[in-house]
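One structure below.
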Ligand SMILES: Cc1cc2nc3c(=O)[nH]c(=O)nc-3n(C[C@H](O)[C@H](O)[C@H](O)COP(=O)(O)O)c2cc1C
Ligand SMILES: [Mn+2]
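In our numbering, the protein residues as written are 71 to 536.
Now the structure itself:
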């Protein structure tokens, strides 16, 4: 059973002994960033702060999904589920898609409605996580948009920077689905309606932050994962449905002119540069009584972004690659995720690891892949020590390292001046059966009678008789 909303999820974690409630007052800064990072480093419990300095009746959660065992529970599995079981559950969800949502009219997210001048985002406790973040950021977002030219409804997780009481930036990378909606609206000369939902049932952030195919509806996927329809209600000021039991709904429009957004401490362990992003003009907020903010920490090392979405993302990636290369036995991320991919396989030919390396760089679901290390079945791809051992003991720099310049470099801090990256791969596999190329070569030699036949044909071509 997957919890139906954030409050049920918190109760479930309390029962499992996996939630620490902090009765003492905390400060948004520096405490939220520090607590969030500590949870991620330890895969510790989720934390709910019951009192926040400067706010009345505010409750702030952090790290609720910052452990693989909690990502299992968020997908309706026992906390002891193995990586394989979690990935299998995700894979099976593809076969159960779509599960149409149920529309409702009476919803907890409408307990409070503030429209126009009554909107003030500063009423909600949103932290600055890392010291040099440009502002306060909504991190665990569910950004809902619709393609202006079709019925395609999308939900994606994109960082949201508060600019003032009713404006934000929203950093949607160029390849994301919401950006295609925005580009289509721009072409029509219109703003793009968007809703940001914040604080919801645990399956929704996972689906929001993981690769779901182009054109698919993430609510129909989240319902398939749950095994029951998601409950949605229409927003107040835009024509979009929103999760009925969410803690906070922010309604508005993305418009030009854009704004410089960032820097923000990112998954690669560095502050990303500033980006020009559209400005989100907030028209309304609706929220539950005493809404609970559900934040996540992101920064250097494995963080909630990884614990929450790695296994789901890897399952999607395996579905793209394994049908083409059944010799792959597992794909894993080492930190920083996307920039450090390890593929384990049972290779029967020395050319296979190289083909697979190229396929990883070419996979749509691995568009950010940078370093790709290919290992054998006896190496644990999740264990950096084991992977380093394979690189040390099974690869030669002059023949086993491949580079591909001119690649896309999303958030890779080492990119070149043009924002491009040189991806590289290491074939750290054992030498398999010998495939000699030059030891014995049997050249084809023409028959000795060929010369006589050439003379015959030449005479005929010059008008002579045969
Ligand atoms: C915690 C977290 C934060 C993310 N932040 C961003 C972001 O700021 N911008 C972005 O383009 N993608 C971000 N992503 C990745 C997208 O959420 C992911 O690619 C997702 O598939 C996007 O949805 P879409 O495929 O429907 O566009 C983030 C993912 C996670 C898990
Ligand atoms: Mn999508």
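We put the CB at the ideal spot given by N, CA and C, even for glycine.
Contact under 8 Å by Cβ, residue i with residue j
i           : j           : result
residue 315 : residue 74  : yes
residue 400 : residue 435 : no
residue 253 : residue 261 : no
residue 176 : residue 371 : no
residue 240 : residue 324 : yes
residue 198 : residue 331 : no
residue 227 : residue 146 : no
residue 258 : residue 218 : yes
residue 449 : residue 433 : no
residue 500 : residue 446 : yes
residue 237 : residue 351 : yes
residue 291 : residue 163 : yes
residue 348 : residue 326 : yes
residue 404 : residue 471 : no
residue 121 : residue 367 : no
residue 293 : residue 200 : no
Residue burial classification, residue i (beta-carbon count within 10 angstroms, cutoff 16)
i           : result
residue 185 : exposed
residue 338 : buried
residue 430 : buried
residue 203 : buried
residue 364 : buried
residue 469 : exposed
residue 97  : exposed
residue 530 : exposed
residue 455 : exposed
residue 422 : buried
residue 507 : Since pLDDT at residue 507 reaches only 46, below the 50 mark, its modelled position is unreliable, and no value is offered.
residue 229 : buried
residue 493 : buried
residue 358 : buried
residue 192 : exposed
residue 216 : buried
residue 536 : exposed
Collapsed DSSP secondary structure at residue i in the structure displayed
i           : result
residue 141 : helix
residue 324 : strand
residue 235 : coil
residue 351 : strand
residue 415 : strand
residue 461 : helix
residue 386 : helix
residue 378 : helix
residue 209 : coil
residue 85  : helix
residue 440 : coil
residue 132 : strand
residue 91  : strand
residue 345 : strand
residue 313 : strand
residue 265 : strand
residue 244 : coil
residue 430 : helix
residue 486 : coil
residue 101 : helix
residue 357 : strand
residue 185 : strand
residue 472 : strand
residue 119 : strand
Pick from the options that is closest to residue i, judged by C-alpha positions
i           : options               : result
residue 158 : 300, 408, 92 and 383  : 383
residue 285 : 411, 512 and 225      : 225
residue 362 : 292, 296 and 271      : 271
residue 299 : 440, 168, 468 and 161 : 168
residue 392 : 369, 416 and 292      : 416
residue 320 : 305, 288 and 433      : 305
residue 232 : 520, 245, 250 and 195 : 195
residue 170 : 295, 456 and 230      : 295
residue 374 : 95, 124 and 136       : 136
residue 245 : 521, 494, 478 and 395 : 478
residue 427 : 488, 497 and 164      : 497
residue 182 : 360, 329, 473 and 273 : 360
residue 205 : 154, 335, 223 and 297 : 335
residue 131 : 88, 153 and 173       : 88
residue 420 : 474, 516 and 465      : 465
residue 385 : 124, 161 and 109      : 161
residue 150 : 165, 86 and 90        : 86
Closer than 8 Å to chain B by CB, residue i
i           : result
residue 453 : No chain B is present in this structure, which holds just one protein chain.
**Report entry** Stretch pair the segment 205-220 + the segment 260-267: three plus CB contacts closer than 8 Å
**Finding:** yes
Query raised in the report: Between the segment 127-147 and the segment 368-380, do at least 3 Cβ pairs fall closer than 8 Å?
Result: Contact between the segment 127-147 and the segment 368-380 is present, with at least three C-beta pairs closer than 8 Å.
Query raised in the report: Would the segment 473-486 and the segment 332-347 be scored as touching if the rule is three or more Cβ pairs under 8 Å?
Result: yes
Query raised in the report: Is the segment 432-449 touching the segment 403-413 in the sense that three or more CB pairs, one from each, lie closer than 8 Å?
Result: With the rule of 3 Cβ pairs closer than 8 Å, the segment 403-413 counts as touching the segment 432-449.
Query raised in the report: Does the segment 112-123 touch the segment 80-94, meaning 3 or more C-beta pairs lie closer than 8 Å?
Result: yes
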